[in-house]
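Novice: From first to last, the protein sequence lines stand for chains D and R. When we follow my numbering, the leftmost residue of the first sequence carries the number 1, and every step to the right adds one. When we follow my numbering, the leftmost residue of the second sequence carries the number 1001, and every step to the right adds one. Below are the structure tokens for one structure; questions will follow.
2 protein chains.
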Amino acid sequence: MLESLKIDCESPVPVYRQIAGAILDQADAGGMAAGHRLPATRDLARSLGVNRNTVVAAYDLLIRDGRARSHTGRGTFLVDPPVAEKHDDNWYGGFSQAVTGAATAGLQSIYRLAISTEGISFVGSYPADELIPVRAFERAMQKALGARGVRNLSYGPTAGQPELREAIAGRMRRDGSDVGADDVLVTNGAQQALQLVFRTFLDRGDPIAIEEPTYTGALSALESIGARPLGVPVDERGIRPDLLEVVLERQRPKLLYLQPTFHNPTTCEMDTERRQQVLELARRYRCTIVEDDWGGELRFKGQRLATLHAMDGGAHVIYVSTFSKNLMPGLRLGWLTAPTPVLRRLIELKRVQDCGTSPILQAALHAFLEEGELERHLEQTLPRYLARRDAMLTALEQSFPEGAHWTRPRGGLFIWVTLPQAIDGNDLFVTARQRGVLYSRGELFHSDGSGRHQLRLTYSAATTDEIARGVATLGQLVRERWPKDNDSRTDGETGSVEAVPIF
Amino acid sequence: MLESLKIDCESPVPVYRQIAGAILDQADAGGMAAGHRLPATRDLARSLGVNRNTVVAAYDLLIRDGRARSHTGRGTFLVDPPVAEKHDDNWYGGFSQAVTGAATAGLQSIYRLAISTEGISFVGSYPADELIPVRAFERAMQKALGARGVRNLSYGPTAGQPELREAIAGRMRRDGSDVGADDVLVTNGAQQALQLVFRTFLDRGDPIAIEEPTYTGALSALESIGARPLGVPVDERGIRPDLLEVVLERQRPKLLYLQPTFHNPTTCEMDTERRQQVLELARRYRCTIVEDDWGGELRFKGQRLATLHAMDGGAHVIYVSTFSKNLMPGLRLGWLTAPTPVLRRLIELKRVQDCGTSPILQAALHAFLEEGELERHLEQTLPRYLARRDAMLTALEQSFPEGAHWTRPRGGLFIWVTLPQAIDGNDLFVTARQRGVLYSRGELFHSDGSGRHQLRLTYSAATTDEIARGVATLGQLVRERWPKDNDSRTDGETGSVEAVPIF
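What follows is the structure, encoded as structure tokens:
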């Protein structure tokens, strides 16, 4: 199989990296297990028609990355990726349940690709580099290092700097939530907020209802705790209330994790009626909602819908959001708000985990917000994202075969594409990567291993030219793999309750 | 008992706060349980000889802090402190084991006091405000926001910014450790590093050997995991090898958590021979050492001793340190280095917890280090800390009765004082607080509730004048409580293995 790998000489990805990537992708897709002896460099070089040193360089890269090991005279062998190892006999005593199993594989995969700089990337859902407001942030930082500089460089309250907590609460009040500064906990991004919430409620084996598919980072956090995610399918209006009720009634999960707005990865948005239904169900079954509103401010046009938190009065909703997507990820600043008895515990757990978030960053963000820089930034970036979304929609229309489905998001950073199930998503991904185009595989967003025929394509961080070229490449690869017979169904079994179409 | 509270009108602490503090201290000391009805404001005001509004203000403070609840017509009742609650019937579903129990009480107590600004504080072991190098840091931040500003405000690698990892590795190589940039994980302070390590190795119920007493934040992190700390007494040369061996042999803990240099709280330092003994024991029983070297750079005079990590070649030692103590806590930047198979897991767990530490802060710290600013900073601060240590030693000599013992640290930020066991540490603490002097109670550093007759007094963040006045106040209170008979033993039962003297 390796021997049949096609080298793409026109790809921006160096040949040795193409080879290493193909090996890893085959390994990750289950084609080769740990302990598998890689072909002799001479043999593989001959069958690929490349210089032997190129194969040696590919193997060296794998060894350096800890994915292969070389035994003199015996050859080069694959080793398990870090997180997939169940046991490491080289290290006595063993590890805890929190880090064994596949707990973190999904997030690892997506995060590594997201910060990769190879080729054209539709992976990382973050602001484009050229849209990062460096100078405005510099002014804000100078202010933070001014009169109160000493205070901002000392220990601060675990819950966050009072001024920033008040500014955040003010933004939430503007959106209809009845919260004050004391209701806010500043976190190191939304990921920490979610992780704190999950850990505050869930012990190993505890159930939690989730949308299927959902955010990879949430799945990873749940796996590291050992919680039991109960996937409930979504349609174009969000989570299916009829199926949600079955799960709530039968399994009585404590938590329900939702992204009602620009759901990641499907981009769907719960309408107000659906939001009311879901809130009603949560109340009836005494289930606490975790509302992840990472993208609420990334709407292209029109009014924001009321958040679940605002609709509910915050009684049974924990609200999580972040400045990573609407502003910049490098601050690692997010927040949550929760009913007081929950918030107290979240603050204590945060203190045990890292004492508190850096006060100087919080003070700089506060100065930034105070100057109205975030609104200015959004005014500049949202039209750009809209133009990129449209460029991607146009490219999909032009390049993808009839029968492929995709979404037309009203905001956010990416498009969700569904292909016929007969298309092998791993083969597509591996080949696309060799051709210099990266995207996020659908299965990373599923708790049950499904979604191999789905793709999440981020438009926010690529230029319209890159979008046109990258989508054209993908379209060509999809056409080459398009099922010849009638097996071009795009509906799939994506829920753990029963099979329903996603779109 | 409340009625007999003495109001100190000369204290810098307002009277209503003195009353609220006394109530909380009695509650924390077990004198009043949750549900206890506080005296009617009129009655308490009369017996204390204060205005009724002052008592009302004290109760309001307690209510605002969530420590009391008022029921109209029935009075004001104490409620459990957040972390002490086993169950909260107001919130359905209940919480996880990670946040129930007393998991975080110790750190909460010390951290809250540490950032308090009331009176003279010997609590927070951090640099004095006037020693924070704000301007030098501002220059470093400008550099970080310069040519690479955009990169530093985007997502970065979970393990940390390569330049900072290399700078940290370089500092460790200077101290004899054989590490490269790839061996370093940048964390949000040492607290996150310890928490990651503990969670990577320990499941609920797993044993870990610790020094008794030890760092409160480590105890809190262990309790939140549900690990079982096995306290091994320390003498003036550090952990007792004979007792350590008993624990290692009988209980086979996976981890041994140590602070070989300027041990917190006892300030003792392991000499080289003892370090060798401990390393030898760890090897024999296949126990991984977690070396917390938070204060290694805070030595007043002379050469640093080789770290356990350097002596061991890093084979069985995970090394943790921080820039919070030698530089400034507001950065929330620490690090760890670990053998490769362990480090991989730590990185994955860090990714699940918060994706990674803020790149912009890391870049600023790197620029700061590159300019030699940390060395300059240490040259300026260490003589100041030494002067403050000496001022505190002098004040102790002058004010404390013969028979009280204290340490003479060769570095670090505090002094450890041991009084006769007959002295009621809670009463002393409560009264000192009323008189406007704060310190850390010894029991916060013990896993077994002992240490009530011990005090940790931080000198780093107080002026020499404050030190003189604060220690004089404490000395007077200690004299007033000094046992009249022969019961002035200062040796105590501080280990969980057998009773041995601490000093």
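Ideal Cβ placement from N, Cα and C applies to all residues, glycine included.
Using a threshold of 8 Å, state whether the C-beta atoms of ASN1426 (chain R) and ALA1029 (chain R) are closer than that.
Specialist: yes
Novice: Name, in chain order, the residues that DSSP records as bridge partners for TRP1406 (chain R).
Specialist: The beta-bridge partner set that DSSP reports for TRP1406 (chain R) consists of R:VAL1417.
Novice: Throw me the rounded Cβ distance for the GLU459 (chain D) and ARG389 (chain D) pair, which I believe falls under 8 Å.
Specialist: Checking the displayed sequence, the identity of residue 459 (chain D) turns out to be Tyr instead of Glu. The pair is a contact, with the Cβ atoms about 5 Å apart (cut-off 8 Å).
Novice: Got a sec, what are the start and stop residues for the alpha helix (DSSP H) ARG452 (chain D) sits in?
Specialist: Taken as a continuous stretch (DSSP letters only), ARG452 (chain D) belongs to no alpha helix (DSSP H), as it is neither H nor E.
Novice: Skipping 5 residues on each side, what residues in its chain have a beta carbon closer than 8 Å to that of TYR1155 (chain R)?
Specialist: CYS1355, GLY1356, PRO1359
Novice: Answer yes or no: does any C-beta atom of chain D fall closer than 8 Å to that of PHE1201 (chain R)?
Specialist: yes
Novice: What separation, rounded to the nearest whole angstrom, lies between the Cα atoms of MET1270 (chain R) and GLY1330 (chain R)?
Specialist: 29 Å
Novice: Taking only the alpha-carbon atoms, compute the straight-line gap between TYR128 (chain D) and LEU222 (chain D) and give it to the nearest angstrom.
Specialist: Here residue 128 (chain D) turns out to be Ala, not Tyr, going by the sequence shown. So the two alpha carbons sit approximately 29 Å from each other.
Novice: When you compare only the Cα positions, how much space is there between GLY1149 (chain R) and TYR126 (chain D)?
Specialist: 16 Å
Novice: Looking at the structure shown, is TYR1257 (chain R) part of a helix, part of a strand, or coil, going by DSSP?
Specialist: If DSSP states are grouped into helix, strand and coil, TYR1257 (chain R) belongs with the strands.
Novice: In terms of residues, what are the limits of the beta strand (DSSP E) holding PHE1122 (chain R)?
Specialist: Bounds of the beta strand (DSSP E) holding PHE1122 (chain R) are 1120-1122.
Novice: Could you pull out every residue in the same chain whose Cβ sits closer than 6 Å to the Cβ of THR41 (chain D), ignoring the five residues on either side in sequence?
Specialist: Here THR41 (chain D) has ARG52, VAL55, VAL56 as same chain residues with Cβ atoms under 6 Å from its own Cβ, once five neighbours each way along the sequence are excluded.
Novice: With a threshold of 8 Å between beta carbons, is PRO1483 (chain R) in contact with chain D?
Specialist: no
Novice: Roughly how many whole angstroms lie between the Cα atoms of MET311 (chain D) and ARG171 (chain D)?
Specialist: 16 Å
Novice: In whole angstroms, what is the alpha-carbon distance linking MET1183 (chain R) and ARG1173 (chain R)?
Specialist: In the sequence as presented, Met is not what sits at residue 1183 (chain R); that position holds Asp. So the two alpha carbons sit approximately 12 Å from each other.
Novice: Taking ASN1021 (chain R) as part of the alpha helix (DSSP H), name the residues at either end of that continuous run.
Specialist: Sequence inspection shows Gly at residue 1021 (chain R); the Asn mentioned does not correspond to that position. Its alpha helix (DSSP H) spans residues 1015-1028.
Novice: Using a 10 Å radius around the Cβ and a threshold of 16 neighbouring Cβ atoms, would you call LYS325 (chain D) buried or exposed?
Specialist: Of the residues assessed, LYS325 (chain D) falls on the buried side of the cut-off, its CB having 16 or more other CB atoms within 10 angstroms.
Novice: Is it right to say PRO1383 (chain R) is buried, meaning 16 or more other beta carbons lie within 10 angstroms of its own, or is it exposed?
Specialist: exposed
Novice: Could you round the C-beta distance between THR1288 (chain R) and ILE1318 (chain R) to whole angstroms and report it? I think they count as a contact, below 8 Å.
Specialist: Rounded, the Cβ-Cβ distance is 6 Å, consistent with contact.
Novice: Determine the burial state of LYS1006 (chain R): buried for a count of at least 16 other Cβ atoms within 10 Å of its Cβ, exposed for fewer.
Specialist: exposed
Novice: Identify, in the order they occur along the chain, each residue of the same chain with its Cβ nearer than 7 Å to the Cβ of ASN90 (chain D), setting aside the five sequence neighbours on each side.
Specialist: Because ASN90 (chain D) carries a pLDDT of 46, less than 50, the predicted location of this residue cannot be relied on, and the following value inherits that uncertainty. Cβ within range, chain order: n/a, list empty.
Novice: For GLY149 (chain D), return the contacting residues in chain R, with the cut-off set at a CB-CB distance below 7 Å.
Specialist: VAL1134
Novice: Leaving out the 5 sequence neighbours to the left and right, which residues in its chain are closer than 6 Å to GLU1373 (chain R) when beta-carbon positions are compared?
Specialist: ALA1136
Novice: On the DSSP letters alone, give me the boundaries of the alpha helix (DSSP H) that GLU1166 (chain R) sits inside.
Specialist: 1162-1174
Novice: Using DSSP with H/G/I as helix, E/B as strand and the rest coil, what is GLU1466 (chain R)?
Specialist: helix
Novice: Are any of the Cβ atoms in chain D nearer than 8 Å to that of ILE1063 (chain R)?
Specialist: no
Novice: For ALA1020 (chain R), would you say it is in contact with chain D, using Cβ-to-Cβ distances shorter than 8 Å as the test?
Specialist: For ALA1020 (chain R), the nearest beta carbon of chain D is not closer than 8 Å to its own beta carbon.
Novice: Could you tell me whether any Cβ in chain R is nearer than 8 Å to the Cβ of GLN276 (chain D)?
Specialist: Contact of GLN276 (chain D) with chain R is not assigned, every C-beta pair being separated by 8 Å or more.
Novice: Between ARG1351 (chain R) and HIS316 (chain D), what straight-line distance do the alpha-carbon atoms span, to the nearest angstrom?
Specialist: 28 Å
Novice: Below 8 Å on C-beta distance, what does GLN570 (chain D) contact in chain R?
Specialist: Since the first residue of chain D shown is 1 and the last is 503, residue 570 (chain D) is not available in this structure.
Novice: Would the beta-carbon of LEU1343 (chain R) fall within 8 Å of that of LEU1185 (chain R)?
Specialist: yes
Novice: With burial defined as no fewer than 16 other Cβ atoms inside 10 Å of the residue's Cβ, what is the status of LYS254 (chain D): buried or exposed?
Specialist: buried
Novice: Around the C-beta of LYS1484 (chain R), are 16 or more other C-beta atoms found within 10 angstroms, so that it is buried, or is it exposed?
Specialist: exposed
Novice: Under 8 Å between C-beta atoms, does VAL83 (chain D) make it to chain R?
Specialist: Note that VAL83 (chain D) scores a pLDDT of 42, beneath 50, so its modelled location is shaky and nothing firm can be said.
Novice: Using a C-beta to C-beta distance shorter than 7 Å, which residues of chain D count as neighbours of TYR1459 (chain R)?
Specialist: In chain order: nothing, as chain D lies at least about 17 Å away.
Novice: Just reading off the alpha helix (DSSP H) that PRO241 (chain D) is part of, what are its end residues?
Specialist: 241-251
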